[in-house]
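**Student:**
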Amino acid sequence: MPDPQKPGPSASDDPLYDELLELALEAARRAGTLLRDGRPADLGVAATKTSPIDVVTEMDLASEKLITGFIAEHRPDDGFLGEEGASVAGSSGVRWVIDPVDGTVNYLYGLPSWAVSIAAEKDGETVVGVVAAPMRGETYRAVLGRGAFNNGERVHHRPAPPLSQALVGTGFGYLAERRAAQADVVRTLIPRVRDIRRGGSAAIDLCDVACGRLDAYYERGLNPWDLAAGALIAREAGALTGGRPGEPASHELTVAASPAVFEELQPLLDELGAWHD
């Protein structure tokens, strides 16, 4: 008979989560190695998406194929949602949300801030997140309810400063009208914070919030594959994530920050119109 004084197993103890984490870590490791070591010297644009500056390279495609192929070998009934076109419904209740190269423009130019982002959802909830940043030599991971880690060491958000002393990360879209609107928000926001950083990889920015390297991060226009893994890692590091006040992070707006900074920054971004063009 179970002891009523002892708590029962939590959902985070589910052995499925361990399996999903191990697959995500290995898939991200393999893709990161491919991208780092296999990058052609003459890498060029394979296609464009929303605009001529929203690019995909042959390595994005190769990375996504590697990741989906590896996971499907082990879990053939799972679903997939990938930036470069992977879309499979699946029948297991598990869906993988994949950005094979987060920070493609950085990767194209040979800048080091790019990552492989892999999240696993169970019945619509993100339960595992892995972000591998090979040029940093770092892999961030989280399992729902178990905390966040960088290269195996637990991480936590930075103690919250006043908003006026907060270092804030952001990003910009690819459509000219959106970029202009985002620039207006930055122009108003920058005198109210310590400074603003634009790294070029949403997944890394979210992990930098988790690791205490940024006090906050916000962006409009993120897709599920941009934020799924990194947002879980940030939350498991004690940060808050959301969109407009009372709403979850979404394409409209994503905000992640240590709790006290979040409470100031989220309504300010809403007031400044960071959620619309």
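With our numbering applied, the sequence shown covers 645 to 921.
The beta carbon of each residue, even a glycine, is placed where N, CA and C say it ideally should be.
So the candidates are Glu891, Leu833, Leu667, Gln910; which of them puts its Cα closest to the Cα of Glu717?
**Tutor:** Among Glu891, Leu833, Leu667, Gln910, the Cα nearest to that of Glu717 belongs to Leu667.
**Student:** Which word fits Tyr862, buried or exposed, when buried means at least 16 other C-beta atoms lie within 10 angstroms of its C-beta?
**Tutor:** Buried, since its Cβ has 16 or more Cβ neighbours within 10 Å.
**Student:** Put Pro835 into one of helix, strand or coil per three-state DSSP.
**Tutor:** Three-state result, Pro835: helix.
**Student:** How about Asp870 and Ala847: do their beta carbons lie closer than 8 Å?
**Tutor:** Yes; because the gap between Cβ atoms is below 8 Å, this pair is in contact.
**Student:** Starting from the C-beta of Val772, find all residues in its chain whose C-beta is less than 7 Å away, skip the five residues before and the five after it, and write them out in chain order.
**Tutor:** Cβ neighbours of Val772 beyond the five flanking positions: Tyr661, Leu664, Leu665, Ala668, Ala763, Ala764, Val787.
**Student:** Based on the DSSP output, what are the partners of Glu891 in its beta bridges?
**Tutor:** Glu891 is not bridged to any residue.
**Student:** Name the one or two DSSP bridge partners that Val771 has.
**Tutor:** Val771 pairs with nothing; no bridge assigned.
**Student:** Whose C-beta lies closer than 6 Å to the C-beta of Val775 among residues of the same chain, with five residues either side of it excluded?
**Tutor:** Taken in chain order, the residues that qualify are Ala759, Ser761, Tyr784, Ala847, Cys851, Ala873, Gly874.
**Student:** Excluding five sequence neighbours on each side, which residues of the same chain lie with their C-beta closer than 7 Å to the C-beta of Asp914?
**Tutor:** Taken in chain order, the residues that qualify are Arg888, Pro889.
**Student:** Got a sec? Which residues, its chain only, sit under 7 Å from Val722 by beta carbon, not counting five neighbours each side?
**Tutor:** What sits at residue 722 in the sequence shown is Asp, not Val. Within the same chain, Asp722 has close Cβ partners Ile715, Gly734, Ser736, Val738, Arg739, Trp740.
**Student:** Does DSSP put Ser707 in a helix, a strand or coil?
**Tutor:** Of the three classes helix, strand and coil, the one that applies to Ser707 here is helix, per DSSP.
**Student:** Within the same chain, show all residues whose beta-carbon is closer than 6 Å to that of Thr832, passing over the 5 residues directly before and after it, in chain order.
**Tutor:** Here the set comprises Leu916.
**Student:** Please go through the region 770-856 and give each complete beta strand (DSSP E) segment of 3 or more residues, from N-terminal end onward.
**Tutor:** If we require 3 residues or more, the beta strand (DSSP E) runs fully inside the region 770-856 come out as 782-787, 792-794, 797-799, 811-814, 839-841.
**Student:** For Gly676, collect the residues of the same chain with a Cβ closer than 7 Å to its Cβ; drop the 5 residues on either side in sequence, then sort them by chain order.
**Tutor:** Around Gly676: Val760, Ala776, Pro778.
**Student:** Excluding the 5 residues preceding and the 5 following Ala854 in the sequence, name in chain order all residues of the same chain whose CB lies nearer than 7 Å to its CB.
**Tutor:** Here the set comprises Tyr784, Ala792, Val799, His801, Ile877, Ala878, Ala881, Ala883.
**Student:** Quick check on Asn795: buried or exposed, where buried means 16 or more other Cβ atoms within 10 Å of its Cβ?
**Tutor:** With fewer than 16 other Cβ atoms within 10 Å, it is exposed.
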